[in-house]
Every structure is written in structure tokens, then in C-alpha cells.
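> Quick one: structure below, then a few questions.
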Amino acid sequence: MNVIELDSISRTFGLGNGATTALREVSLTVPKGEFLVIMGPSGSGKSSLLNIVGLLDQPDDGEYKLNGRDVAFLSQRKRAKIRRNHIGFIFQNFNLIGRMTVLENVSLPLLYKGVSTVKRYERASEILKYLGIQEKEYYQPNQLSGGQLQRAAIARAMVNRPSIVLADEPTGNLDTKATKLIMAALKEIHEAGNTIIMVTHNPDLAAYGDRVIKMLDGKIEEELTGASLKKELTAQRKEAAEVVDAAKNRAIEPQKKAKKAVRKKTAVKAVKKSAPKKKGAKK
Ligand SMILES: Nc1ncnc2c1ncn2[C@@H]1O[C@H](COP(=O)(O)OP(=O)(O)OP(=O)(O)O)[C@@H](O)[C@H]1O
Ligand SMILES: [Mg+2]
């Protein structure tokens with residue numbers, strides 16, 4: 001069964017000369033239980049696509065069926081209801097509420113579902129513990145580091161055990177250990193039969209996907225699975241390593257030159273100092 005069916009979805013922001021077309025007739029089908037990865041350069045439309053899939057935004061044109069139901073142009077209220085019952089979001093910019101503690105933030109999706117306060121906090125606390133930030137549950141978001149914020153945002157997305165998780169670069173600010181933790185959590189959700197759509201630039205994380213779609217200029221440019229996916233990710237890793245090496249060389253080169261220049265200058269000074277003064281030279 002297909003959970004998500006997009007047919008010729010288009011989305012343009014702004015008007016006239018200032019208009020940007022973020023999505024150009026995108027069609028995409030996601031079967032239940034798939035781990036789909038979206039890659040592509042900055043500005044290629046990945047977040048715009050995720051926002052439409054998550055019913056946070058509406059397309060200008062096209063069809064969207066979620067669990068077989070037409071949802072592209074539902075009312076705001078109906079979309080909100082579907083969201084809180086079925087979808088967990090991990091945003092690129094966290095979107096935690098500043099006046100609330102981490103625990104309140106994380107338990108919020110359960111409040112909308114009508115779960116009692118005690119149960120809400122129990123469940124939220126449990127998931128914060130799983131993600132290694134339970135000791136921060138009574139803090140407010142502005143008292144947390146970037147990585148801790150990200151984990152709190154992930155806890156909030158997972159708290160109501162959604163059947164669809166949408167993650168926009170969920171490990172962007174995390175160190176290796178925290179990244180592994182988040183990916184293990186996503187893997188667990190996936191293995192329980194849920195659907196995951198994750199945006200990432202990292203080929204190591206893309207390897208968790210059953211399928212990768214590459215976006216370019218508002219369109220799905222390429223789709224990769226199985227052997228071709230492995231080959232592509234290996235190539236991407238190699239390319240990334242080469243870029244890093246080249247950057248390192250560029251960064252080191254001018255320093256070497258600068259050092260040489262300093263040495264030269266010092267040497268000239270030393271020579272001048274030690275050189276015997278010409279006869280008649282002024283003191
Ligand atoms: N609310 C908005 N108003 C105007 N333009 C927008 C809006 N949201 C997105 N855009 C534009 O649409 C295009 C696609 O943006 P989008 O955020 O989907 O890119 P992205 O692939 O997620 O990039 P990144 O990797 O940088 O997050 C960009 O040119 C962006 O400037
Ligand atoms: Mg984005």
C-alpha cells in the first residue's frame with residue numbers, strides 16, 4: 001500500500017519578478033514502511049517538498065493522496081488533525097517553543113491527542129532518557145546547546161509514535177555519538193513498520209535509506225536503489241573527501257608561503273645587521 005502519492009505537485013513562492021518556483025510538477029510514490037532519503041543541493045526544493053508531504057504547506061497545483069485520501073486542499077483544521085495523529089516532524093530549525101520546558105515541548109503532541117498530564121510527562125521523559133538528555137527536561141530551549149536542542153526536537157517528533165516521520169537534516173548539528181543515537185532511533189521506528197522520509201547531505205546517513213531521490217531545481221532528477229545506490233554513495237564519499245583534501249591544501253599553502261616570507265624578511269634583517277658599515281656611512 002502507498003502511504004504517500006504525489007502527482008505533478010508544483011509550488012511557487014512570491015509573485016512576478018520576485019517569484020521562486022520551489023517545486024516543478026513533482027510526482028512521488030512512497031510505499032508504507034519505506035525509508036526514503038532526499039538529497040540535493042541547497043535550494044533544490046527538499047524542505048518545500050517535505051512541508052507539503054507533512055501538510056504544513058499546500059501546493060499551487062497537483063494532487064496529493066495520504067493513505068489513499070485526497071489531502072492537497074483540505075481545510076487548515078483537518079490538516080492539523082491528520083498531522084497530529086500520523087506525522088512526526090524533525091525540522092531543520094527545531095521549532096521548539098521558547099516559554100516551555102523541554103519536557104513540556106516534547107509532551108505537546110500528546111496534549112493535542114488528549115493524553116493525561118501524568119502519562120504525557122512519563123512518556124516524554126522516557127524518550128528524553130532514550131536520547132540522552134533527560135537531565136535537561138526542566139530547562140528551556142534557550143538554555144540548551146544546538147545538539148541538545150536537536151535531540152529534544154527529535155524526542156518531540158517521536159513521542160506520539162507517528163506512522164510517518166519527516167526529518168529535515170536531523171543530525172545536522174550533532175557529533176558522531178549523538179548522530180549514531182538518532183540514526184538508531186530512526187532505524188528502530190522504521191523497523192517497527194513506519195515510514196520515514198529524511199533529507200540529508202551526508203552519504204553515510206543516506207545509506208540507511210531503502211531508496212534515495214536526488215532533487216535539482218525543484219524536480220526529482222534521479223532515483224537510486226540497491227546496487228546503484230551503493231555505487232553512488234561511495235562516489236559521493238570519495239568526492240567529499242577530495243573536496244576536504246583540496247580545502248586543506250588551500251588553507252595550508254598560503255601559511256607556508258607566509259612563513260617563508262617572514263623567514264626571508266628576518267634573514268634580510270640579520271644580514272643587514274651583521275653587514276659591516278660602509279665607510280663614511282651616517283650613524
Ligand atoms: N517561504 C518561502 N518564501 C519564498 N521562497 C521560498 C520559501 N521557502 C522556500 N523558498 C525558496 O524555494 C527554493 C527551495 O527552497 P527549499 O527550502 O525547499 O530548499 P532546500 O532544498 O531545502 O535547501 P537547503 O538544503 O538549503 O535546506 C529556494 O530557492 C528558496 O529560496
Ligand atoms: Mg531545507
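So for the sequence shown, the working numbering puts the first residue at 1; every next one is plus one.
The C-beta atom is built at its ideal place from N, Cα and C for all residues, glycine as well.
1. Please check the pair E223 and R211, which I expect to be a contact at CB under 8 Å, by giving their CB distance rounded to whole angstroms.
2. So what does DSSP say about N160, is it helix, strand or coil?
3. Pick helix, strand or coil for R99, following the three-state DSSP scheme.
4. Among the residues of its own chain, which have a CB less than 8 Å from the CB of G14, if the five just before and after it don't count?
5. Quick check: A124 and L149, are their CB atoms within less than 8 Å of each other?
6. Are the beta-carbon atoms of A155 and I127 separated by less than 8 Å?
7. For the beta strand (DSSP E) holding K65, just list the boundary residues, first then last.
8. From R120 to V106, what does the alpha carbon distance come to, in whole angstroms?
9. Taking 5 Å as the limit, tell me which residues put their C-beta closer than that to any heavy atom of ligand 1, in chain order.
10. Are the beta-carbon atoms belonging to L216 and T171 less than 8 Å from one another?
11. Quick one, which of V37, I4, S10, F94 has its alpha-carbon nearest T225's?
12. Whole angstroms are fine: how far does the CA of G54 sit from the CA of M183?
13. Using the C-alpha atoms, what's the distance from N249 back to N51?
14. In whole angstroms, what is the alpha-carbon distance linking Y139 and E188?
15. Alpha carbon to alpha carbon, how far is R11 from E63?
16. For K283, does the count of other Cβ atoms within 10 angstroms reach 16, so buried, or fall short, so exposed?
17. In chain order, which continuous runs of the beta strand (DSSP E) of length 3 or greater are located wholly inside the region 38 to 94?
Taking the structure as given:
1. By 1-based counting over the sequence shown, the position of residue 223 is 223. By 1-based counting over the sequence shown, the position of residue 211 is 211. Going by Cβ atoms, the distance from E223 to R211 rounds to 7 Å, so yes, they are a contact pair.
2. For the purposes of this step, residue 160 is taken as the residue at position 160 of the sequence shown. Three-state DSSP puts N160 in coil, outside helix and strand.
3. Numbered from its first residue, the sequence shown carries residue 99 at position 99. Three-state result, R99: coil.
4. Locating residue 14 in the sequence shown gives position 14, counting from the first residue. Result list for G14: T20, in chain order.
5. Along the sequence shown, one-based indexing puts residue 124 at 124. Along the sequence shown, one-based indexing puts residue 149 at 149. Cβ atoms of A124 and L149: not closer than 8 Å.
6. Along the sequence shown, one-based indexing puts residue 155 at 155. Along the sequence shown, one-based indexing puts residue 127 at 127. For A155 and I127, yes; Cβs fall inside 8 Å.
7. Here the question's residue 65 lines up with position 65 in the sequence shown. Looking at the DSSP string, the run of the beta strand (DSSP E) that includes K65 is 61 to 66.
8. In the sequence shown, counting from the first residue as 1, residue 120 sits at position 120. In the sequence shown, counting from the first residue as 1, residue 106 sits at position 106. If you take the alpha carbons of R120 and V106, they lie about 9 Å apart.
9. F13, T20, A22, S42, G43, S44, G45, K46, S47, S48
10. On the sequence shown, position 216 is the one that residue 216 refers to. On the sequence shown, position 171 is the one that residue 171 refers to. Against a cut-off of 8 Å, the Cβ pair of T171 and L216 comes out as no contact.
11. As a first step, residue 225 must be located in the sequence shown, where it is residue number 225. For the residues V37, I4, S10, F94, the minimum Cα distance to T225 belongs to V37.
12. As a working mapping, residue 183 is identified with position 183 in the sequence shown. As a working mapping, residue 54 is identified with position 54 in the sequence shown. The straight-line gap from Cα to Cα measures roughly 20 Å.
13. Along the sequence shown, one-based indexing puts residue 51 at 51. Along the sequence shown, one-based indexing puts residue 249 at 249. Looking at the two C-alpha atoms, the distance is approximately 39 Å.
14. The residue labelled residue 139 in the question sits at position 139 within the sequence shown. The residue labelled residue 188 in the question sits at position 188 within the sequence shown. About 27 Å.
15. Here residue 11 refers to the residue found at position 11 of the sequence shown. Here residue 63 refers to the residue found at position 63 of the sequence shown. Spanning the two alpha carbons is a distance of roughly 12 Å.
16. Position 283 of the sequence shown, counted from the first residue, corresponds to residue 283. Since pLDDT at K283 reaches only 44, below the 50 mark, its modelled position is unreliable, and no value is offered.
17. 61 to 66, 87 to 90
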